[in-house]
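First residue of the sequence shown: 24, per our numbering; consecutive thereafter.
What follows is a short report on a single structure.
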Amino acid sequence: MNFFLVSFFLLYSTLHFYVFLKLKRAYLFGKITGICITIFMLIMVFAPVAVRLMEKAGHDNFARFMVYIGYTWMVVLFLFFSVSICIDFLRLCVYLVGLISKTDVSRFIHADRYFFVIPFVCALLITPYGFYEATQIRIEKITIKTPKIQKKVGTLRIVQVSDVHIGLTIGKKRMEQIADKIRDIKPDILVSTGDLIDGRFNKLKTSIEPLKRINPTYGKFAITGNHEYYAGIDASVDFMEQAGFEVLRGRGVNVGDVINIAGVDDAAGVNYKNNFIYERALLLSLPQEKFTILLKHRPVVDRGAVDFFDLQLSGHTHKGQIFPFRYVVKIFFPLYTGFHKISDKSYLYTSSGAGTWGPPMRFLAPPEITVIELVHASE
């Protein structure tokens, strides 16, 4: 966690320095203006820390204000950088063409003010849409035909919700929206694949009421994500249980003699001296003739467990949340979104999540609720 924070601040500070240099070249401002801009950027760099400190101190209104200001600026900065770096690459290409052809291209590569304004305007135009997209929850549906589902069961409908991040910006209103969509689907089973919460528990009690009112035929099951550990694992598990979930922490259950569901704690638990569960041993303890779902927050496959689960359900990545950040996420999690065949017997689905973390917005990575229909089929 400390390594992550140090890396984040180094990267975030570098992005601010890049923008500062672009702004300086575009407008040639004086010393006083430069100092004011530097102070503003320093405040923005430490805004995420201020949010957490204010939240822990109980100053939720100020923390929420800093979320919208600080994290909105973060998105603007990232989008500006993404567009600007593309422009810089094109400028380099034009410069090299001019160098090779011995043509004067200076007017195309030295228009610094335009090269600042264009990406900044793009960022400002995209940001409001990002707030809108974050509220447009889609229903993603996959169908799997398998002989492991009994003919008398027919179709088993499982709903996966992931990465809701109930907290400062996602509260009861958003949970009502999510719960209404889940109820309309009429699931047989509801599963949460981690990061359900992201905030102080005494402020979240009313947010779980919509979840309590969902009562699938075969029950509700959940696992921990990394944010459950950051918030406090014992209180997090208690919170999920109050919402009506059976929390699977390194154990599996046979549900109604219809399906196996196993769940493991997030890897963040290793940092908190959590007991490590070998997935293969866990899966082998379940009836092998039944369809087996493995709930695992991060879309990482334990090769020793392949072929011992039929479907792994994961989340964590948010599909990058803000395009083009997905390409950074893909470096660490190649299976960062969608449905993947792992082997002839095992598959994985990575949800883009129903909520947001950090900036309360998304861009080209809409939130989702996933419906998995397991249909009886012969061999």
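Don't be surprised by glycine CBs; every beta carbon is placed ideally from N, CA and C.
Annotation: F331 to T340 spans about 24 Å, alpha carbon to alpha carbon. Taking 7 Å as the cut-off, the Cβ atoms of S369 and V398 do not count as close. The residues F43, L46, F52, in chain order, have a CB closer than 8 Å to that of I60 in the same chain once the five nearest residues on each side in sequence are set aside.
In this structure, DSSP gives Q200 a helical state, which the three-state scheme calls helix. Pairwise C-beta distances place the stretch 72–89 out of contact with the stretch 314–329, as fewer than three of them are shorter than 8 Å. In this structure, the straight-line span from the alpha carbon of V68 to that of Y35 is close to 7 Å.
By DSSP's assignment, F314 forms a beta bridge with I282.
Under the three-state reduction of DSSP, N238 is assigned to coil, being neither helix nor strand. The Cβ-Cβ distance between V184 and A377 falls below 7 Å. Here L147 is not near F104, since their CB atoms are 7 Å or more apart.
Take the alpha-carbon of G194 and the one of Y118: they are about 51 Å apart. Where L371 is concerned, the enclosing beta strand (DSSP E) starts and stops at 370–373. In this structure, K171 is the residue among Y152, M384, G177, K171 with its C-alpha nearest to the C-alpha of L334.
Closest option to K209, judged by alpha-carbon separation, among Y155, G242, L219, A73: G242. Just so you know, the alpha carbons of D186 and I316 end up roughly 18 Å apart. In the DSSP assignment, K319 falls outside any beta strand (DSSP E), carrying neither H nor E. Per the coordinates, the alpha-carbon of I256 lies some 33 Å from the alpha-carbon of V99. Taking a cut-off of 8 Å on C-beta distances, the stretch 155–175 does not touch the stretch 102–116, as fewer than three cross pairs fall below it.
In terms of Cβ geometry, D280 and T240 do not form a close pair [threshold 7 Å]. Proximity to R236 across G222, K204, V260 peaks at K204, based on C-alpha coordinates.
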